[in-house]
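>
Numbering (this note's numbering), first residue to last: 25 to 410.
Right, dumping it as structure tokens:
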């Protein structure tokens, strides 16, 4: 008897759940979806509630522009993984930011955002529209500084914001053909979305401008003054903005200014909460992160996650990587900083691929009504254990 062809994506939910139950590792789930197109469709279909994302501890991802693969480190199982890059290596094809599993790649002529695990790449407007052609750029530097993403309830991208090379702001909605730029009198260092608003921290102070986002257009609505400028030179500190539950935090990372130029040692973090009130807004010192963990990368990227989703990590800590010079050789360490008591615990990483790394949340991009992935393209992907 000839067997009837069946669509794997239409399998009953309870059967698919039986397939998924033993696959607790995101790498195994990606391999499952890579068996064939129908299995991939089944694994990412929004009809299968088994695909509902449960947050995992973020993975470290390499940011080497010269290689054809991403290297990833899972702190949950202490394993190294490799995923083929869906683009050709180039000086412009690097990770600018990472947010909820989406990587921002500011390539030329068009930047794009990428979900490695769902094989989805979504083009953004051309980089040329990020800048004012009337502004003299005598050094030819046009790389954006950092970026952030607002998402729907399914954590799919809706709006992307950037700090441009000249420290202005630019914003676009998924599907836009050009960036909408905001050029005021201020220069900005970092940005973050929260409750439909964009928060932008100024370059040389802790002051913050808050914008309402209307179809990609930035409308100033409020400011939070720090009441003081930064006491240390800018080179000895980097300021991050992060949405942490119902709060917006300013995370200030201080360095030992006596360290070698390329090996600045982190000495502590100071964390402030943006406290918004009807009459006045202010920045308030935070002595603990409650039940959250922060993940800091580079000069501008920071993400938060509830500690219950990171059982192998300590609640109330900041995690980051740092290059060190020890015993006449360079090493990269994974560092745990406790916000409550200021102590640090360092763990050497054996792989050389994470000298300049980001954190990425390992998750699939689920289908939803508010996101048209006809704008994106599926990419072929291979994931393997090192």
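C-beta: ideal position from N, C-alpha, C; glycine also. As the structure is a computational prediction, the values presented were derived from the model and not from experiment.
#1: Output needed for residue 341: all residues of its chain with C-beta closer than 8 Å, excluding positions within five of it in sequence on either side, in chain order.
#2: Which runs of the beta strand (DSSP E) at least 3 residues long sit entirely within the segment 263-319? Give them in chain order.
#3: What first and last residue would you give for the beta strand (DSSP E) that runs through residue 182?
#4: Which residue or residues does DSSP assign as beta-bridge partners of residue 357?
#5: Apart from the five residues just before and just after residue 139, which ones in its own chain have a Cβ nearer than 7 Å to its Cβ?
#6: For residue 71, collect the residues of the same chain with a Cβ closer than 6 Å to its Cβ; drop the 5 residues on either side in sequence, then sort them by chain order.
#7: Rounded C-beta distance between residue 86 and residue 378? I'm assuming under 8 Å.
#8: With 16 other CB atoms within 10 Å as the buried threshold, where does residue 366 fall?
#9: Which runs of the beta strand (DSSP E) spanning at least 3 residues fall entirely within the segment 82-117, listed in chain order?
#10: Reducing DSSP to helix, strand and coil, say where residue 222 ends up.
#11: For the beta strand (DSSP E) containing residue 325, name the first residue and the last one.
#12: Specify, as a first and last residue, the run of the beta strand (DSSP E) that residue 205 falls within.
#13: Taking residue 244 as part of the beta strand (DSSP E), name the residues at either end of that continuous run.
#14: Please list, in chain order, all residues of the same chain as residue 183 whose beta carbon is under 8 Å from its beta carbon, the five residues on each side excluded.
#15: For residue 133, does the count of other Cβ atoms within 10 angstroms reach 16, so buried, or fall short, so exposed?
#16: So is residue 371 buried or exposed if we call it buried at 16+ other beta carbons inside 10 Å?
#17: Leaving out five residues on either side along the sequence, give the residues of the same chain with a beta carbon under 7 Å from the beta carbon of residue 92.
#18: Got a sec, what are the start and stop residues for the beta strand (DSSP E) residue 352 sits in?
#19: Nearest CA to the CA of residue 186: which residue from 385, 154, 335?
Straight from the coordinates:
#1: Closer than 8 Å at the Cβ level, and outside the excluded window around residue 341, lie 313, 317, 318, 360, 361, 362, 363.
#2: Listed in chain order, the complete beta strand (DSSP E) runs (minimum 3 residues) inside the segment 263-319 are 271-279, 290-299, 306-310.
#3: Going by DSSP, residue 182 is part of the beta strand (DSSP E) stretching over 181-187.
#4: DSSP output for residue 357 lists 346, 372 as bridge partner(s).
#5: Within the same chain, residue 139 has close Cβ partners 125, 126, 389.
#6: For residue 71, the predicted structure reports a pLDDT of 49, less than 50, and the residue's modelled location is therefore unreliable. A value from the coordinates is still provided. Excluding residues within five positions, none has a Cβ falling inside 6 Å.
#7: Their Cβ separation, rounded to whole angstroms, is 6 Å, which keeps residue 86 and residue 378 in contact under 8 Å.
#8: Around the C-beta of residue 366, fewer than 16 other C-beta atoms lie within 10 Å, and the residue is accordingly described as exposed.
#9: Runs found: 83-86, 93-98, 103-108.
#10: Correct three-state label for residue 222: strand.
#11: Start and end: 325-330.
#12: Per DSSP, residue 205 belongs to the beta strand (DSSP E) from 204-206.
#13: Per DSSP, residue 244 is one residue of the beta strand (DSSP E) stretching across 241-248.
#14: Excluding residues within five positions, the ones whose Cβ falls inside 8 Å are 173, 174, 195, 196, 197, 198, 217, 237, 240.
#15: The residue is exposed, with fewer than 16 neighbouring Cβ atoms inside 10 Å.
#16: Residue 371 should be labelled exposed.
#17: Sequence-distant partners of residue 92 (beyond 5 residues in either direction) whose C-beta falls short of 7 Å from its own C-beta, in its chain, are 108, 109, 113.
#18: Unbroken run through residue 352: none, as it is neither H nor E.
#19: Taking only the C-alpha atoms, the option nearest residue 186 is 154.
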